[in-house]
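A.B. asks: Going letter by letter, the sequence shown gives residues -22 to -1, 1 to 132 in mature numbering (1 follows the signal peptide of the UniProt record, and there is no 0).
Here a beta-carbon is modelled for each residue, glycine too, at the ideal position from N, C-alpha and C.
Predicted model, so just to flag it, every value in this text is computed and none were measured.
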Amino acid sequence: MTSRRAALLLPLALSTALSSCSLNLGSGGSGGSGGAQAGAASEDAAPGITDPAWREILDTGEQQEVSGAYTVASSDQVLNLTGELDVLAVQGSQISIAAESVGSITVQGSDVVVYARSAQTIQVMGSRVTVRYLEGSPVVVDLGSDNTIDKLEQ
């Protein structure tokens, strides 16, 4: 009986441990000006971005001020990430992200779209993932299927 109980509690413990490592992407907050904002982007906030799909994410996505390493572990999200990132890790599906300067982008999931002004490394392990960047020549590793990783010409 003890091993059965442990087997039932293991997923709960794992879920709890992983949730403490993730960032809360919900709209809740303390009500201060540092919280998430939807539709906060303007033409001045992202100079040089003219791609309509990228602009839509900037204009309608939930704005998050980020730095260092940032993980998106969810589904059905539209995010406008502002700030410089060392690492952007995306784990999930139906996610659209606009980011600024990113050292390393790693996507594990499906139906994910990431736009970044620049990146040094892009690694995709999933299907139907699109990563577009504006500047630089990142090292690209595509271990999935039906993915698009390319430099955006405007």
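Residues in its own chain within less than 8 Å of L130 by CB, not counting five upstream and five downstream?
C.D. replies: Closer than 8 Å at Cβ, skipping near neighbours: D29, W32, Y93, R110, Y111 and L112.
A.B. asks: Can L63 and V80 be called in contact, C-beta distance under 7 Å?
C.D. replies: Going by C-beta atoms, L63 is nearer than 7 Å to V80.
A.B. asks: Could you tell me the boundaries of the beta strand (DSSP E) in which T28 lies?
C.D. replies: Where T28 is concerned, there is no enclosing beta strand (DSSP E), given that its DSSP letter is neither H nor E.
A.B. asks: Helix, strand or coil: which one does DSSP assign to D120?
C.D. replies: Strand.
A.B. asks: Within this structure, are the beta carbons of I100 and I127 separated by less than 7 Å?
C.D. replies: In this structure, I127 lies closer than 7 Å to I100 by Cβ.
A.B. asks: Can you list the alpha helix (DSSP H) stretches of 4 or more residues lying completely in the segment 68 to 103, in chain order?
C.D. replies: Correct list: empty.
A.B. asks: Under the rule that 16 or more other beta-carbon atoms within 10 Å means buried, what is P116, buried or exposed?
C.D. replies: Buried: at least 16 other Cβ atoms inside 10 Å.
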